[in-house]
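Working notes for the structure below.
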């Protein structure tokens, strides 16, 4: 059950860890985020904790200096939990994203983030989050058990000179409004249907995006694309702010499009880029979407990708939630009707998967025990389960990844490579 008691933990040196309790706390933390990350992240903090569905002030964690004369002390460090839902096949998984992490320079190297992460982890448990994710700086979050496991900021760069001149203009582009919400919801769901893993957007999520993103670092223009008869055929999202300071027009969303519509969309985007003094297009989209395919055919080149960093707070609970997906994969394989136990060692604990007549009837954490048929370092379990790396790729990179006998083939069936991409929900 969610604990409603106020959080207050003395950290020494006159510092106290708290979670936000009121609008004043929210504004003080937002001001800190503005000072560290920029005014657009100050706006994002305010928007999230005022309007984003599911956000709770108790998920806004911060460290402040000692209060003086009854007045609040200065906020010196903060992070927060942003709730959203990940769709994996037919399964919906609650996510707690760690976001807006920052500490004033003079307070760094004091373990303040570590102290806040301990409370963040308690909030994950209270909220029932099965996945924790962060779009974080390189390496730092490994110390908290995170591993790179889902694509993030996958970029194809297309120079404006490589986009053909405008043709007859068969397609019409206009900014979407809240009246277009049903159409956007349908187009988005169609776009992510071919992905194994995607971010789930409900109607309430779309209302937030259309009403409350102005001024935030995640602000995005959504252009509705209609055919000559006025029928919507897709949409494209253009990020309001350049990514990592790059002087390119950043395309952060794209629905399914036919070839002609995709080509016309790139022409339209070229026009926007020219108007805004951008030198190129940057497409941050699923690898095999139509816009990427046409851009590559025109001479676009891949700029590589970063990745979401992921942690499973309770691996057995996560696998239990995935039972329908794992049973479906088993039924479509040569292992249909399987009856046997599989033990997966994470070296500090062992997970049991019990199959009976093709049904996964028990998932349990057996603690530190043996013998086991599969061995994985715990952070590599994240990559395997989310299909970011195959078992063979993990075995090649990590000598402590092992599987005995015919279990290897079963692991490949249960955990194949997944097509994944996460559009922001805020």
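Residue numbers (my numbering): 9 to 434.
C-beta atoms are modelled at their ideal positions from N, C-alpha and C, and glycine is treated no differently.
Compare the C-alpha of residue 170 against each of 223, 278, 202 and 155 and name the closest.
Counting from one through the chain shown, the residue named residue 170 turns up at place 162. Out of 223, 278, 202 and 155, 278 has the C-alpha closest to the C-alpha of residue 170.
Take every Cβ of the stretch 131 to 142, pair it with every Cβ of the stretch 292 to 301, and state whether three or more of those distances are shorter than 8 Å.
Between the stretch 131 to 142 and the stretch 292 to 301 there are fewer than three inter-stretch CB-CB distances shorter than 8 Å, so the stretches are not counted as touching.
Once the 5 residues before and after residue 200 are set aside, which same chain residues still bring their CB inside 6 Å of it?
Looking up residue 200 in the chain shown gives position 192. Hits under 6 Å: 206.
Cβ of residue 61 within 7 Å of Cβ of residue 212?
Start at 1 with the first residue of the chain shown, and residue 61 comes out as number 53. Start at 1 with the first residue of the chain shown, and residue 212 comes out as number 204. Their beta carbons are under 7 Å apart, which means residue 61 touches residue 212 by this criterion.
From 232, 384 and 414, pick the residue whose C-alpha is nearest to that of residue 401; which is it?
Taking the first residue of the chain shown as position 1, residue 401 is located at position 393. By alpha-carbon distance to residue 401, the top candidate from 232, 384 and 414 is 384.
Determine, using beta-carbon pairs with one atom in the stretch 88 to 106 and one in the stretch 127 to 135, whether at least three such pairs fall under 8 Å.
They touch, by the three-pair rule.
With DSSP collapsed to three states, give me the class of residue 381.
Numbered from its first residue, the chain shown carries residue 381 at position 373. Correct three-state label for residue 381: coil.
Does the count of Cβ pairs from the stretch 308 to 317 and the stretch 343 to 352 closer than 8 Å reach three?
No contact exists between the stretch 308 to 317 and the stretch 343 to 352.
Helix, strand or coil at residue 48 [DSSP, three-state]:
What you label residue 48 is simply residue 40 of the chain shown in a count that begins at 1. Three-state result, residue 48: helix.
Kindly indicate which residue of 150, 410 and 406 has the alpha-carbon position closest to the one of residue 352.
What you label residue 352 is simply residue 344 of the chain shown in a count that begins at 1. Measuring from the Cα of residue 352, the nearest candidate turns out to be 410.
Does DSSP classify residue 201 as helix, strand or coil?
Numbered from 1 along the chain shown, position 193 holds the residue referred to as residue 201. Looking at residue 201 - three-state DSSP - the assignment turns out to be coil, as it is neither helix nor strand.
Thinking just about the alpha-carbon of each residue, which of 389, 419, 397 and 425 is nearest to the one in residue 154?
Numbered from its first residue, the chain shown carries residue 154 at position 146. Comparing Cα-Cα distances from residue 154 to each of 389, 419, 397 and 425, the minimum goes to 389.
Here's a check: name, in chain order, each residue in its chain whose Cβ is nearer than 8 Å to the Cβ of residue 183, leaving out the five neighbours to either side.
Here the question's residue 183 lines up with position 175 in the chain shown. 229, 230, 231 and 232.
Between which two residues does the alpha helix (DSSP H) containing residue 133 stretch?
Taking the chain shown and counting its residues from 1, the one referred to as residue 133 is at position 125. Segment 120 to 135, the alpha helix (DSSP H) holding residue 133.
Quick one, are the C-beta atoms of residue 68 and residue 28 less than 7 Å apart?
Numbered from its first residue, the chain shown carries residue 68 at position 60. Numbered from its first residue, the chain shown carries residue 28 at position 20. Taking 7 Å as the cut-off, the Cβ atoms of residue 68 and residue 28 count as close.
Residue 426, enclosing beta strand (DSSP E) - first and last residue
Your numbering for residue 426 matches position 418 in the chain shown. Unbroken run through residue 426: none, as it is neither H nor E.
Return the first residue and the last residue of the beta strand (DSSP E) that residue 487 is part of.
Residue 487 lies beyond the residue range present for the chain, which begins at 9 and ends at 434; the question has no answer from this structure.
Within a Cβ cutoff of 7 Å, which residues of the same chain sit near residue 9, ignoring the five residues on either side of it in sequence?
The residue given as residue 9 occupies position 1 in the chain shown. Reliability fails at residue 9, whose pLDDT of 40 lies under 50, so the model's placement of it is uncertain and the value that follows must be treated cautiously. Annotation for residue 9: no residue places its beta carbon closer than 7 Å to its own, counting only its chain and skipping 5 residues before and after.
Taking the runs of the beta strand (DSSP E) that are 3 residues or longer, which of them lie wholly in the stretch 142 to 185?
Listed in chain order, the beta strand (DSSP E) elements of length 3 or more contained wholly in the stretch 142 to 185 are 155 to 160, 163 to 167 and 180 to 183.
Can you tell me whether DSSP reads residue 354 as helix, strand or coil?
Within the chain shown, numbered from 1, the residue matching residue 354 stands at position 346. In this structure, residue 354 counts as coil in the three-state DSSP scheme.
Nearest-angstrom Cα distance between residue 237 and residue 208?
Taking the first residue of the chain shown as 1, we reach residue 237 at position 229. Taking the first residue of the chain shown as 1, we reach residue 208 at position 200. About 31 Å.
Where do the N-terminal and C-terminal ends of the beta strand (DSSP E) with residue 257 fall, by residue?
Numbered from 1 along the chain shown, position 249 holds the residue referred to as residue 257. Bounds of the beta strand (DSSP E) holding residue 257 are 257 to 262.
The beta strand (DSSP E) with residue 372 in it runs from where to where?
Working through the chain shown from its first residue, we reach residue 372 at position 364. That run of the beta strand (DSSP E) goes 367 to 375.
By alpha-carbon positions, which one of 375, 358, 227 and 144 ends up nearest to residue 382?
Taking the first residue of the chain shown as position 1, residue 382 is located at position 374. Residue 358 is the option with its Cα nearest to residue 382.
Buried or exposed for residue 251, going by 16 or more other Cβ atoms inside 10 Å?
Here the question's residue 251 lines up with position 243 in the chain shown. Answer is exposed; the Cβ neighbour count stays below 16.
Among 223, 291, 216 and 220, whose alpha-carbon lies nearest the alpha-carbon of residue 244?
Looking up residue 244 in the chain shown gives position 236. Ranking 223, 291, 216 and 220 by Cα distance to residue 244 puts 291 first.
Counting only the same chain and skipping the five closest in sequence on each side, list residues whose C-beta sits under 8 Å from that of residue 391.
One-based indexing of the chain shown puts residue 391 at position 383. Cβ neighbours of residue 391 within its own chain (closer than 8 Å, five residues either side excluded): 155, 156, 157, 397 and 402.
Whose C-beta lies closer than 7 Å to the C-beta of residue 412 among residues of the same chain, with five residues either side of it excluded?
Sequence index remark: in the chain shown, residue 412 carries index 404 (1-based). These residues qualify, in order along the chain: 381.
Residue(s) in a DSSP beta bridge with residue 106:
Here residue 106 corresponds to residue number 98 of the chain shown, with the count starting at 1. DSSP lists 89 as partners of residue 106.
At the level of alpha carbons, what is the spacing between residue 23 and residue 87?
Within the chain shown, residue 23 is the residue found at index 15, counting from 1. Within the chain shown, residue 87 is the residue found at index 79, counting from 1. Rounded to whole angstroms, the separation of the alpha carbons of residue 87 and residue 23 is 16 Å.
For residue 285 and residue 375, what's the separation of their Cα atoms in angstroms?
Translated into positions along the chain shown, residue 285 becomes position 277. Translated into positions along the chain shown, residue 375 becomes position 367. Their backbone Cα atoms lie some 59 Å apart in a straight line.
By DSSP, does residue 9 sit in helix, in strand, or in coil?
Within the chain shown, numbered from 1, the residue matching residue 9 stands at position 1. Note that residue 9 scores 40 on pLDDT, short of 50, meaning its location in the model is unreliable; the coordinates nonetheless yield the value given after this. Collapsing the DSSP output to three states places residue 9 in coil.
In its own chain, which residues sit with a C-beta less than 6 Å from the C-beta of residue 263, not counting the 5 before and 5 after it?
What you label residue 263 is simply residue 255 of the chain shown in a count that begins at 1. So the list reads 195, 199, 242 and 243, once near-sequence residues are dropped.
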